[in-house]
Amino acid sequence: PQGGIEGRERPLTAAYRELREETGLTFDDVQLVRELPQWTTYVLPKEWTQGRRFVGQRQKWFLFSFKGTGLPDVGKAKDFEFEALDWVSPDWLAAHVIEFRRPIYAAVFKGFAGELKLKD
16 PQGGIEGRER PLTAAYRELR EETGLTFDDV QLVRELPQWT TYVLPKEWTQ GRRFVGQRQK
76 WFLFSFKGTG LPDVGKAKDF EFEALDWVSP DWLAAHVIEF RRPIYAAVFK GFAGELKLKD
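Last residue of the sequence shown: number 135 in our numbering, and the count goes up by one each step with no gaps.
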């Protein structure tokens, strides 16, 4: 999930809120593993920014582990942004994310390499 920080909301509070709104998962369903200390940014390709106010995004990343088994029920989500969830490997995700976000994902995976048991 991704979304904006509302007002004076702290990034971690926003992460839990977005997780609940977009997936239906609550604080009790997940365990915070680690927060990346740095913020990441990307700029959208020009064809994506025409007529829009925003030209990119600044992101704060958190790694959570799911305490449950199987797949979460996205039917509990408030925003209904997802039809279904699936567990995939970082390699699969990096290969399937939209191209302009790939450098961000590479940096995030590198930052969480120890927790994800990835080679640096």
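Beta carbons are placed, not taken as given, at the ideal position from N, Cα and C, and that holds for glycine.
Please read these numbers as outputs of a predicted model, since none were measured by experiment.
Query: In its own chain, which residues sit with a C-beta less than 6 angstroms from the C-beta of PHE97, not counting the 5 before and 5 after it?; Result: VAL89
Query: Answer with yes or no whether the minimum CB distance from LEU40 to chain B is below 7 angstroms.; Result: Within the model displayed, chain B is absent; a lone protein chain is all it includes.
Query: Secondary structure at GLY71, three-state DSSP: helix, strand or coil?; Result: strand
Query: With H, G and I counted as helix, E and B as strand and the rest as coil, what does DSSP make of LEU78?; Result: strand
Query: Any idea what DSSP makes of LEU100, helix, strand or coil?; Result: coil
Query: Assuming contact is defined by CB atoms lying nearer than 7 angstroms, are GLU36 and LYS93 in contact in what I supplied?; Result: yes
Query: May I ask you to verify whether the region 101-112 touches the region 51-66, counting CB pairs closer than 8 angstroms and requiring at least 3?; Result: no
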